[in-house]
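Okay, structure first, notes after.
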Amino acid sequence: MSISTPSGPMRTKNLDPPQKPTFKRATANSITIEWKSTSLLFNVTYAIQIKHDDYSWVWAKCDTESLVSNLCTVRGTTARVTDLQHNTKYYFRVCIISKGVKSDFSRPSEALRTAGDVGYTDSASCCILSFLLLH
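Just so we're aligned: 27 in the UniProt record's numbering is position 27 of the sequence shown, and the numbers increase by one with no gaps anywhere.
Set out below in structure tokens:
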């Protein structure tokens, strides 16, 4: 299978997808995810896709030009996605890119929510808890 990109065709073979992303931390407008790479190659990059709960049929690239406009900073096998909506569920998936070869995308993450109610926490918002602790 090949995909047409601005820089030319990209093949999808010979690279196993990374493990599904997991929650690391969140704020009211950002979520940080991490994953384990299955590649032993050096100089790989990762592409992150995001799916907004309200647009569940669309996977979008994490950047300012996608349907879900946001910024994504990737360092190693960790990504921080910002400019997200407050108290909203998101799903993430990751692929490996190396020398023009792209893996399939990982399995999607569990639903992750901004505003502190993320992953397996209770329903209290971290912002509310911070407020209560400071006052």
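Each residue gets a CB set at the ideal place from its N, CA and C atoms; glycine is no exception.
Sort Asn14, Lys20 and Thr27 by Cα distance to Arg80 and report the nearest one. Thr27
Which residue marks the beginning of the beta strand (DSSP E) containing Phe42, and which one marks its end? Unbroken run through Phe42: none, as it is neither H nor E.
Going by alpha carbons, who is nearest to Arg25 out of Asn14, Lys51 and Ile33? Ile33
Between Pro18 and the ligand COA, is there a pair consisting of the residue's CB and a ligand heavy atom that are separated by less than 8 Å? In terms of ligand content, the structure shown is empty, and the ligand COA therefore cannot be addressed.
So, at 6 Å on beta carbons, what are the nonlocal neighbours of Thr88 in its own chain, with the 5 sequence-adjacent residues on each side left out? Thr114
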